[in-house]
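In the working numbering, the protein residues as written are 21 to 430.
The following block contains the structure:
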């Protein structure tokens with residue numbers, strides 16, 4: 021994108037990739053722009069349902085596109101180029117998950133969850149194939165989609181607090197319109213904050229006014245980070261930023277400097293928030309007051325371990341943790357979370373320990389292979405550093421929250 025965001029290689033064979041990769045990338049980018057901004061009302065459940073509908077529409081559309089040779093062929097090539105051991109491990113996970121679904125208490129529900137995970141995997145391959153075909157253009161499209169989505173939401177957020185500055189809509193639980201809980205918004209921010217500065221750093225072919233808007237999006241996104249006061253995104257980003265610096269050294273400094281500038285601007289903006297919404301500048305204080313308290317996570321993790329012990333080989337079935345979330349006879353079951361707020365424990369409880377270990381092994385291998393390949397390059401670009409940080413932040417966050425359950429972070 022520039023000397024900072026890098027010069028991603030064009031397609032290796034130099035051929036025009038055609039329209040097919042653009043269709044896949046456009047669908048994914050449209051979801052990134054639209055889905056986080058659909059909650060224009062105050063219903064706690066409707067936004068979640070709409071996120072899921074949009075997600076399924078995207079996944080089904082991409083799956084249907086596999087019938088088109090120009091899309092299905094490159095996707096199959098992506099999978100075939102994985103090492104044999106990785107393909108074997110993923111195949112074993114798929115087989116174990118199918119067996120777990122069929123033998124679960126609620127097989128139809130488990131099969132729906134299984135199908136959702138399969139569609140997510142296929143969509144990941146499709147986006148990877150499109151990115152390989154389009155090179156730098158794909159990076160710019162994704163980064164700009166993230167910034168555009170942030171701009172839309174910032175506009176919505178500011179409009180609402182100006183119209184309703186005294187919390188008349190009942191923001192005691194969440195100040196974020198369309199998000200029933202600040203944690204849900206934090207799940208979005210964990211992986212978007214590392215990417216948010218990339219369009220602002222793209223000096224080539226970007227008008228000054230557009231770059232100013234991108235900088236405003238980055239600063240505003242950091243401002244909302246402080247408004248949320250969510251601890252899991254803060255811890256996840258801190259670990260991911262430190263890891264990026266450790267992995268890339270001085271090459272990460274320009275990108276980190278840009279993030280620092282956006283963060284500083286966000287802090288300044290955060291201090292003006294009380295002028296519009298007096299109850300909104302409580303996020304940081306709330307996070308500090310809660311400290312390292314687990315807010316019930318230890319009980320949820322213990323329940324997941326109980327389920328693992330009861331069915332270690334195949335688990336209780338994909339998505340079936342919610343069915344067993346409280347032991348029989350425990351009062352207040354409806355108030356118990358439907359997931360354990362830990363991706364590894366949830367996968368082991370629902371799919372079984374073998375499937376969880378296989379998937380964890382593939383994930384760690386993938387992250388290590390990615391970082392090793394980027395470090396060997398002559399100059400790691402901003403895109404590589406931002407993507408590495410985003411992936412690491414998402415992984416850490418998934419150990420503390422329902423990142424693999426909610427539609428947006430999925």
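Yeah, the Cβ is synthetic: ideal placement off N, Cα and C, and Gly gets one too.
Give the single residue among the options whose Cα lies nearest to the Cα of residue i.
i	options	result
residue 282	236, 420, 383	236
residue 76	138, 130, 99, 91	138
residue 422	284, 321, 48, 39	321
residue 287	324, 317, 238	238
residue 158	84, 43, 109	43
residue 247	416, 271, 209	209
residue 39	55, 88, 74, 79	88
residue 196	41, 58, 415	58
residue 270	395, 114, 48	395
residue 437	212, 226, 285	Not covered by the structure: residue 437. The range shown for the chain is 21 to 430.
residue 316	242, 198, 80, 357	357
residue 70	332, 199, 262	199
residue 371	50, 113, 72	113
residue 86	252, 141, 323	141
residue 266	391, 101, 125	391
residue 389	374, 332, 408	408
residue 291	231, 417, 125, 242	242
residue 91	393, 144, 165	144
residue 427	72, 47, 48	72
residue 103	397, 386, 410, 393	386
residue 252	84, 330, 204	204
residue 105	41, 182, 382, 325	382
residue 366	393, 330, 384, 325	325
residue 136	330, 384, 74	74
Please work out which residues of its chain come closer than 6 Å, Cβ to Cβ, to residue i, disregarding the five sequence neighbours upstream and downstream, and give them in chain order.
i	result
residue 149	94, 95, 98
residue 146	44, 82, 95
residue 134	117, 121, 338
residue 115	none
residue 168	53
residue 368	328, 376
residue 416	256, 259
residue 164	219
residue 332	373
residue 41	150, 153, 154
Who are the Cβ neighbours of residue i in its own chain at under 8 Å, not counting the five residues just before and after it?
i	result
residue 23	Confidence is the limiting factor: at residue 23 the pLDDT is only 38, short of 50, which leaves the residue's position unreliable and the question unanswerable from this model.
residue 123	334, 337
residue 419	362, 363, 364
residue 80	139
residue 445	Examination of residue 445 is not possible in this model, given that the chain is present from 21 through 430 alone.
residue 318	none
residue 414	210, 211, 256, 423, 429
residue 119	334
Could you give the C-beta distance for residue i and residue j, rounded to a whole number, given that I count them as a contact under 8 Å?
i	j	result
residue 257	residue 177	With a Cβ gap of about 20 Å, residue 257 and residue 177 do not count as contacting.
residue 406	residue 275	6 Å
residue 202	residue 250	5 Å
residue 412	residue 259	7 Å
residue 207	residue 56	Not quite, the Cβ-Cβ distance comes to about 10 Å (not below 8 Å), so this is no contact.
residue 278	residue 221	6 Å
residue 373	residue 328	6 Å
residue 272	residue 264	5 Å
residue 161	residue 49	5 Å
residue 78	residue 47	6 Å
Please go through the same chain and pick out, in chain order, the residues whose beta-carbon is closer than 7 Å to the beta-carbon of residue i, but skip the five residues on each side of it.
i	result
residue 233	171
residue 166	52, 212, 215, 216
residue 323	345, 360
residue 173	56, 57
residue 410	211, 214, 215
residue 231	220
residue 180	197
residue 289	239, 240, 243
Going residue by residue through the segment 366-403, where are the continuous alpha helix (DSSP H) segments of at least 4 residues, counting only ones entirely within it? Counting whole runs of 4 or more residues, the segment 366-403 contains the alpha helix (DSSP H) stretches 373-396.
What are the uninterrupted segments assigned as alpha helix (DSSP H) that are 4 or more residues long and contained completely in the segment 190-271, given in chain order? For the segment 190-271, the continuous alpha helix (DSSP H) assignments of 4+ residues that do not extend past its boundaries occur at 202-212, 228-248, 251-268, in sequence order.
Would you check if there are 3 or more beta carbon pairs closer than 8 Å linking the segment 322-341 to the segment 126-143? yes
Would you call the segment 370-388 in contact with the segment 102-111, where contact means no fewer than 3 C-beta pairs closer than 8 Å? Proximity of the segment 370-388 to the segment 102-111 meets the contact definition, three or more beta-carbon pairs being nearer than 8 Å.
Say whether the segment 359-378 touches the segment 140-155, bearing in mind that this needs 3 or more beta-carbon pairs closer than 8 Å, one atom from each stretch. no
Just to confirm the assignment: which complete alpha helix (DSSP H) runs, minimum length 4, are found wholly within the segment 89-135? 89-100, 104-122
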